[in-house]
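The structure appears below as structure tokens.
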Amino acid sequence: TFYTVRSSVDTLSVTGSVRKEVTSDIAIWTSSFSRTVPAEELKEGYSMMQNDEKLVVDFFEKNGFTEDDLTISPVFMEQLYMYDPNAPKENTLRQTVKIQSNDVDKITSMAKNTQELINKGVIFSTQSLEYYYSKLPELRIELIPDAINDAKLRAQKIAEGSGKEIVSIKSANLGVVQVLPVNSTEVSDWGTYDTTTIEKEVMIPVTVIFTIK
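Numbering of the sequence shown is given in our numbering, commencing with residue 807 and proceeding in unit increments.
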């Protein structure tokens, strides 16, 4: 009885993980259109921007979105730097357009097919096209048991190799969730969230301390 009470309890710390493939259900497309005009033609430049904005809105409406779905910035103006001090001054006028949608495929297709706007004289370009997965918090909870089981299997193998066996879980610490491109190994201690791909892998790591005897 004395031996049982005073005997030390050994522990084993093991990190387990689990991965699951998911498909992004949110797309955020940020684009812009611009005009560069001489300083003395600034009024005409603003008129061209106003016409370009109408063409951009028409483009989105033609693809099933409304103007209310868009966030269009005011006109930003930037004076271009001229190496020649005697050269005519020019200003660039620019507006950004942002849309968020659950129709990931449609947004992706639109971003790849903006030639229609170019053909109409709009200087239009994509700034970023980002993909997100909205059910990450729920998935995180769902995958925790699988990550713990993975840690337990690893711990059992290690314990068997040293002639011991797992008794119980002493504590478990959930690591930082990693959202990665499929088959990627580029994890980070601070977490990674890939926004460039539609298909992703969510990895849940967990560090578990087991008591062994």
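We treat Cβ as the ideally placed atom computed from N, Cα and C, and that holds for glycine.
The structure presented is a predicted model; accordingly, all values stated were derived computationally and were not measured.
*What separation, rounded to the nearest whole angstrom, lies between the Cα atoms of S934 and E873?*
Residue numbering aside, residue 934 sits at position 128 when the sequence shown is read from its first letter. Residue numbering aside, residue 873 sits at position 67 when the sequence shown is read from its first letter. Straight through space, the alpha carbons of E873 and S934 are spaced by roughly 20 Å.
*What's the call for V862, buried or exposed, on a 16-neighbour Cβ count within 10 Å?*
One-based indexing of the sequence shown puts residue 862 at position 56. V862 should be labelled buried.
*Y889: buried (16+ other C-beta within 10 angstroms of its C-beta) or exposed?*
Reading the sequence shown from its first residue, position 83 is the one you call residue 889. Residue environment analysis places Y889 among the exposed positions, since fewer than 16 neighbouring C-beta atoms fall within 10 angstroms of its C-beta.
_Terminal residues of the beta strand (DSSP E) in which V824 lies_ = Locating residue 824 in the sequence shown gives position 18, where the first residue counts as 1. From DSSP, the beta strand (DSSP E) with V824 extends over D816 to T829.
*Thinking C-alpha only, which one of E1007, D875, V985 and R960 is nearest G822?*
What you label residue 822 is simply residue 16 of the sequence shown in a count that begins at 1. For G822, the closest C-alpha among the options E1007, D875, V985 and R960 is that of R960.
*asked:* Suppose only complete runs of 4+ residues qualify. What are the alpha helix (DSSP H) ranges in the region 896–922, listed by chain order?
replied: Within the region 896–922, complete alpha helix (DSSP H) segments of at least 4 residues are found at 910–918, given in chain order.
_Extent of the continuous alpha helix (DSSP H) run through P943_ = On the sequence shown, residue 943 is found 137 positions in, with the first residue counted as 1. First-last of the alpha helix (DSSP H) with P943: L942 to G967.
*Output the residue ranges of the alpha helix (DSSP H) runs that lie fully inside the region 825–876 and measure 4 residues or longer, sorted by chain position.*
Runs of the alpha helix (DSSP H) inside the region 825–876: 848–868.
*For Q885, I'd like the list of residues in its chain whose CB is within less than 7 Å of its CB, leaving aside the five on either flank, ordered along the chain.*
One-based indexing of the sequence shown puts residue 885 at position 79. Residues of the same chain with a CB within less than 7 Å of the CB of Q885, apart from the 5 flanking positions on each side, are K895 and N897 in chain order.
*Can you say whether Q856 is buried or exposed, counting buried as having 16 or more other CB atoms within 10 angstroms of its CB?*
By one-based count along the sequence shown, residue 856 stands at place 50. Exposed, since its Cβ has fewer than 16 Cβ neighbours within 10 Å.
*asked:* Using only the alpha-carbon positions, how far apart do F1016 and S977 sit?
replied: Counting from 1 along the sequence shown, the entry for residue 1016 is found at position 210. Counting from 1 along the sequence shown, the entry for residue 977 is found at position 171. About 7 Å.
*What separation, rounded to the nearest whole angstrom, lies between the Cα atoms of Q906 and D831?*
Reading the sequence shown from its first residue, position 100 is the one you call residue 906. Reading the sequence shown from its first residue, position 25 is the one you call residue 831. Distance between the alpha carbons of Q906 and D831 is about 10 Å.
*Have a look at the DSSP bridge pairing and note the partners of P1011.*
One-based indexing of the sequence shown puts residue 1011 at position 205. S823, per the DSSP bridge assignment.
*Rounded to whole angstroms, how far is the Cβ of Y938 from the Cβ of I1004, which I believe are closer than 8 Å?*
Here residue 938 refers to the residue found at position 132 when the sequence shown is read from its first residue. Here residue 1004 refers to the residue found at position 198 when the sequence shown is read from its first residue. Between I1004 and Y938 the Cβ distance is about 10 Å, and since that is not below 8 Å, they are no contact.
*Three-state secondary structure (DSSP) at N979?*
Position 173 of the sequence shown, counted from the first residue, corresponds to residue 979. DSSP, read as helix, strand or coil, puts N979 in strand.
*Secondary structure at I878, three-state DSSP: helix, strand or coil?*
Within the sequence shown, the letter at position 72 stands for residue 878. Strand.
*Grab me the residues of S940's own chain with a C-beta within less than 7 Å of its C-beta, minus the 5 sequence neighbours each way, in chain order.*
Locating residue 940 in the sequence shown gives position 134, where the first residue counts as 1. Leaving aside the five residues that flank S940 on each side, the residues in its chain whose CB is nearer than 7 Å to its CB run, in chain order, D831 and I832.
*In the DSSP assignment, find the unbroken beta strand (DSSP E) run with Y887 in it and report its ends.*
In the sequence shown, the residue the question calls residue 887 occupies position 81. No beta strand (DSSP E) holds Y887; DSSP gives it neither H nor E.
*Are there three or more Cβ pairs, one per stretch, closer than 8 Å when the region 1004–1014 is compared with the region 944–962?*
A contact exists between the region 1004–1014 and the region 944–962.
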